Amino acid sequence: MTLRFEDLNKHLNSLEIGQEMFQLIKELYPICRSMTGNGIRDTLHLIQRHVSLDIHEVPSGTNVFDWTVPKEWNIRDAYIKDEKGEKIVDFKKSNLHVVSYSVPVNKKMSLTELKQHIFTLPDHPDWIPYRTAYYEESWGFCLAHKQLLELTDGEYEVYIDSSLNNGHLTYGEYYIRGDEMDEVLISCHTCHPSLCNDNLSGIALTTFLAKYLSHLSLRYSYRFLFIPATIGSITWLCLNEPLVSRIKHGLVVACVGDSGNITYKKSRQGSAEIDGAISHVLQHSQSSYSIIDFYPYGYDDRQYCSPAFNLPIGCLMRTQHGHFPEYHTSEDNLEFVKIPCLADSFTKCLSALYIIENNKRYINLNPKCEPQLGKRGLYHSMGIPRQDMDAQIALLWVLNLSDGKHNLLDIAEKSGLSFYPIQKATDSLLRCNLLKEA
Amino acid sequence: MTLRFEDLNKHLNSLEIGQEMFQLIKELYPICRSMTGNGIRDTLHLIQRHVSLDIHEVPSGTNVFDWTVPKEWNIRDAYIKDEKGEKIVDFKKSNLHVVSYSVPVNKKMSLTELKQHIFTLPDHPDWIPYRTAYYEESWGFCLAHKQLLELTDGEYEVYIDSSLNNGHLTYGEYYIRGDEMDEVLISCHTCHPSLCNDNLSGIALTTFLAKYLSHLSLRYSYRFLFIPATIGSITWLCLNEPLVSRIKHGLVVACVGDSGNITYKKSRQGSAEIDGAISHVLQHSQSSYSIIDFYPYGYDDRQYCSPAFNLPIGCLMRTQHGHFPEYHTSEDNLEFVKIPCLADSFTKCLSALYIIENNKRYINLNPKCEPQLGKRGLYHSMGIPRQDMDAQIALLWVLNLSDGKHNLLDIAEKSGLSFYPIQKATDSLLRCNLLKEA
Amino acid sequence: MTLRFEDLNKHLNSLEIGQEMFQLIKELYPICRSMTGNGIRDTLHLIQRHVSLDIHEVPSGTNVFDWTVPKEWNIRDAYIKDEKGEKIVDFKKSNLHVVSYSVPVNKKMSLTELKQHIFTLPDHPDWIPYRTAYYEESWGFCLAHKQLLELTDGEYEVYIDSSLNNGHLTYGEYYIRGDEMDEVLISCHTCHPSLCNDNLSGIALTTFLAKYLSHLSLRYSYRFLFIPATIGSITWLCLNEPLVSRIKHGLVVACVGDSGNITYKKSRQGSAEIDGAISHVLQHSQSSYSIIDFYPYGYDDRQYCSPAFNLPIGCLMRTQHGHFPEYHTSEDNLEFVKIPCLADSFTKCLSALYIIENNKRYINLNPKCEPQLGKRGLYHSMGIPRQDMDAQIALLWVLNLSDGKHNLLDIAEKSGLSFYPIQKATDSLLRCNLLKEA
């Protein structure tokens, strides 16, 4: 079934989508993902139940700009046993226990030696931190600080059954062909293990956006990327460089499930159309929000917005990475993401894309004075309800500013009205032949 | 007598002008004006006692852009009689009682039928509303809501002795030839019956501006339009299209007699010279004021600022149309407009035009370092009074910024001084040959 | 010894410099300076103990733009004696007692006649004002108002042993040749008698800036001017017009010793590099400060910023001239200037020049995505101290914004970091061949 974008709302129940997103997060939660390896493959296979994405495998050692695709890491088991042979730390209970990219170990050692490989959060003694050791040959365990304090002197058996071999970097890609070759890019990172907000929430939002947009008749083509952070976007940009110029709008989506307000980090350009569209949606929503300027760290927008690409891609979050204490800890769990928040992030994302799809420039074909709206049934002189008054005012704004310089979002911003009545007024005026597309 | 604009203040007593304006309002108040008809003609004849304006008659049916000049409406009498034959509503007592452009009626009817043609203001039960039925064949009466509630069942005689026939749209125009063909346009609407602020106040201000400017030696040519709202400006723009490019500055004047603060609605351009001039006057006045952005509804600026014309024309009001409860009711009467407020609106308008007339760009002929002002008698080193200090500082500002990029208003704004000392300093420097016009 | 600018801090103790500045002020304080004459010569000779400046003598009568170099004024003695022959006012006790440029007098007169030549400050009855009578043939005495009130009727002997003859206007100039011919101009005025803040403080700051910069390896050439106010800068600009185009940055330095906060008056250009550099230094200092727009009166920036020159020269002060009651009175004395404030002004000036010296534009040589900093030893993934975190973030900012459009100061401003870590990051990236100069 092919829907017009504007009909999507009638067919969507955002809370149901929130529930579907949460269900996917729940299924993905136990998987031990890392920069490479089977955890990402398993993740992409689960996503394929919703959208038929392509899975790409890029061999270790491939040069991608200044970087090299790393060896593939996989882990089967890991634990620490005490002198009594009891497993006091067990990878099977939480995949956060093992520092990602740890090399294999099978060794007995003293507590003193072991401690050099243990990471904890003294300020949050019950939480397990999440750590990685990409690009360095080492190993480590992450523990609740409380547990570390309870460890007594003695000999410990340390076991990590991992492998770090030539293999592949795996990523998923889903493409929808619209009327135009110009593209909207939606990107999320897939390299975190059992962490829900960062970034199973982003994976879920991207998946369901892809799923619902695939039913629509679209102006732009859409590309959805499910990639490991940093190396994934670098790899994709390098291998797809000829496509990059098609990208006219985009979003990196991360941390979109917590109960904080929306934070939108603008593209490096700062006033790209996507920046305006998201700002407009947030400004006309009932909720508080933050819009912040681009900075060159954080998620993959740092690669998309590197100076040679400088793409019009912003980053949609709720609470910013690093700004919630649960960030990169075992507390970023299934309780930390909320169904209404997931749904809200989804809806706002969709509303911004709705604007992008419809944000065109028109020319008033009767630009000398106003046209007579009354004889076209568009003018109601007396005692009309507020909503119709807004509709009438929207007609006047569209006519007055359709001079080829203002797009519909510009008109909405100047009028103080939201995008939707402006776009409806435009449709009415097009039907009366008072406008043409610029 | 030909005065220089700068000498006008000496010859003007603004309170006297306020009184003259009020006197004209009083004379015009009883006349039943509408979009067309004899009410406008009578109004223009009264104005001719002050300025010899030309009266133009445009035949019904004339095509003006997307519109057609309507039939001419005239009304002689109208009433509603109750069963006892008593006139309970009488046009002769208030011309607001009849909906403007009502077609003739002479009919008996039940209260139920009559009520479908009656308009009241339930929130202001003593006031009579003002309503029109342009461009639709209908009739109606406007009543105090209190009176409506008192009507008892029974048969009513309804009589409207009006005519809606081919005739003319009537407007007045007054032109003053200045040194340049470039024009300032001042426009007011003349189509409202017994309503004082909206817009007998605008008519009065325009009339006396025309009268007093006609005695002056002027840089710009001035055109004053007395037109019915909307259709009048559309008609004038259509019939005078070749003249439009001469209009360099302009004001629509309406609702300038109430006791509220001045509201200035900027031109669509937003930073036209007239916008700057009015802002400057308001900013250096002692009173509060509002400056608001252009919006494409309201008075005739919506036509002058339609995209193909986009003229540098703003709208001067006190309280904005629709923002005072008396708007379009019988309470917008002779008590509602105040002589000092009329005078204040007049003076501020004149001050802005003074700036426009004198706002030129000059070139400092001694641009390397300061010229020695002392040897020209322009520098006073010690213990001078504050006013002379300001005069001296004004000299330095004019010299420093007369680089061909700044006009005098720019210099006034940058210096924080008001326009007048900047212009006086300019005169002194011109006399010393330290400046020339750019 | 030739130091790099960045090594200067290690060799400088700012408090010691404050003490040296104060010592120079103390030596210069007793000298009776004026627009011309031996007072200025003596002043320049004392400065020569620190920097080998050139002393220029411009003959009276020389035409300099619209001005003429005035006669040279010198004074040997002056007093007022009462009837008893007692010196009640004595130039030797305070050179402020005599209005600068007073013509010779030797005459007995009544109190009434004398009073016409006496200036006091009624609001500050204990203070002696400072007054001048340049460009007018007159004479006068400045007294504490209290003393004026105590004068009784009788005959007074008035004696001024001064001369006003053809001679010279004297100024000092010190030039340091840097790598480039492009220049930084530092200018102070030398024409005030026993007044410390205005402007022995400026003379001292300029002297020690010249002294310390002379030991450094510099990008720009530096020119230091010690000139009488107004006529001095006009003379210099006129006689050195071909050099003017080399001046790329500059500061007028005055009133830099009082205990008020720094005030920086921007150049006429308003967004010159020096304006940005000083703003950045002030914004990242711990102290309050004011940044004000250019105005065409005050110190010699009014000449440097006259429209034909419009040089990128601002004015560094602490409390603005005229904004402290001690201004131009005997209370602007050795107690009024403070060593830590002199030192602070010096340091901030130096910091701004440090920025100017290092503020270049670079090109990221790896502009497609981020380069891999880890393999170059520039990336530290885990648990690094805050300072190193800032250093790492600085690297990312420099890489992201080194697109040929942003200089290092732009990058510092956009990042919110101070200039120094941005410049250090740039050095690291240059060493790794990740940047080149634009």
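Chains as they are written, first to last, in the working numbering: chain A, 1 to 438; chain B, 1001 to 1438; chain C, 2001 to 2438. Just so it is clear, CB atoms sit at the ideal spot from N, CA and C, and this is done for glycine as well. Just so we're clear, the structure is a prediction, and the values are computed from it rather than from any experiment.
Limits of the beta strand (DSSP E) - the one that residue i falls within
i, result
"A:Ile-80", "72–81"
"B:Thr-1263", "1262–1265"
"B:Thr-1170", "1168–1176"
"C:Asn-2223", "The sequence given here places Arg at residue 2223 of chain C; Asn does not occur at that position. 2221–2227 is the extent of the beta strand (DSSP E) around C:Arg-2223."
Cβ separation of residue i and residue j, assumed to be a contact under 8 Å, to the nearest whole Å
i, j, result
"B:Phe-1065", "B:Ala-1078", "Wrong, their Cβ atoms sit about 33 Å apart, outside the cutoff."
"A:Thr-36", "A:Pro-228", "7 Å"
"C:Pro-2193", "C:Ser-2271", "Rounded, the Cβ-Cβ distance is 37 Å, inconsistent with contact."
"A:Ala-254", "A:Cys-188", "7 Å"
Alpha helix (DSSP H) segment containing residue i, residue limits
i, result
"B:Asp-1410", "1408–1415"
"A:Thr-319", "A:Thr-319 -> no alpha helix (DSSP H), and no H or E assigned at all."
"B:Asp-1042", "1038–1048"
"C:Gly-2202", "2202–2213"
"B:Leu-1185", "Where B:Leu-1185 is concerned, there is no enclosing alpha helix (DSSP H), although the beta strand (DSSP E) it sits in stretches over 1183–1189."
"C:Lys-2087", "Taken as a continuous stretch (DSSP letters only), C:Lys-2087 belongs to no alpha helix (DSSP H), being part of the beta strand (DSSP E) at 2087–2090."
is_contact[residue i, chain C] using C-beta, thresh 8 Å
i, result
"A:Gln-303", "yes"
"A:Pro-296", "yes"
"B:Gly-1374", "yes"
"B:Lys-1436", "no"
"A:Trp-67", "yes"
"A:Ala-308", "yes"
"A:Tyr-135", "yes"
"A:Leu-243", "no"
"B:Ser-1402", "yes"
"B:Ile-1393", "yes"
"B:Asn-1433", "no"
Bridge partners - residue i, DSSP secondary structure assignment
i, result
"B:Asp-1161", "B:Asp-1077"
"C:Tyr-2379", "C:Tyr-2379 is not bridged to any residue."
"B:Tyr-1156", "B:Met-1109"
"C:Ile-2118", "C:Phe-2141"
"A:Lys-436", "A:Ile-363"
"A:Asn-63", "A:Thr-68"
Below-8 Å beta-carbon distance, residue i vs any chain A residue
i, result
"B:Phe-1346", "no"
"B:Leu-1012", "no"
"B:Met-1001", "Its pLDDT being 46, under 50, B:Met-1001 is placed unreliably by the model, and nothing is read from it."
"C:Leu-2396", "yes"
"C:Asp-2410", "no"
"C:Asn-2063", "no"
"B:Leu-1237", "yes"
"C:Asn-2364", "yes"
Chain B contact for residue i (CB, 8 Å cutoff)
i, result
"C:Gln-2234", "First, the residue type needs correcting, since residue 2234 of chain C is Ile and not Gln in the sequence shown. True, the Cβ-Cβ gap to chain B drops below 8 Å."
"C:Tyr-2130", "no"
"A:Glu-370", "yes"
"A:Pro-325", "no"
"A:Pro-70", "no"
"A:Pro-340", "no"
Are at least three pairs of beta-carbons, each pair with one atom in the region 2209–2219 of chain C and one in the region 2263–2271 of chain C, less than 8 Å apart? No, the region 2209–2219 of chain C does not touch the region 2263–2271 of chain C.
Cβ pair count under 8 Å reaching 3, the region 2230–2241 of chain C against the region 2354–2374 of chain C: Result no; under three Cβ-Cβ pairs closer than 8 Å.
Taking one C-beta from the region 2392–2399 of chain C and one from the region 285–298 of chain A each time, how about it: are there three or more such pairs within less than 8 Å? In this structure the region 2392–2399 of chain C lies against the region 285–298 of chain A, because at least three pairs of beta carbons, one per stretch, are closer than 8 Å.
Can we say the region 1158–1173 of chain B touches the region 1039–1055 of chain B, given the rule of at least three CB pairs closer than 8 Å? Judged by pairs of C-beta atoms under 8 Å, the region 1158–1173 of chain B touches the region 1039–1055 of chain B, as three or more such pairs exist.
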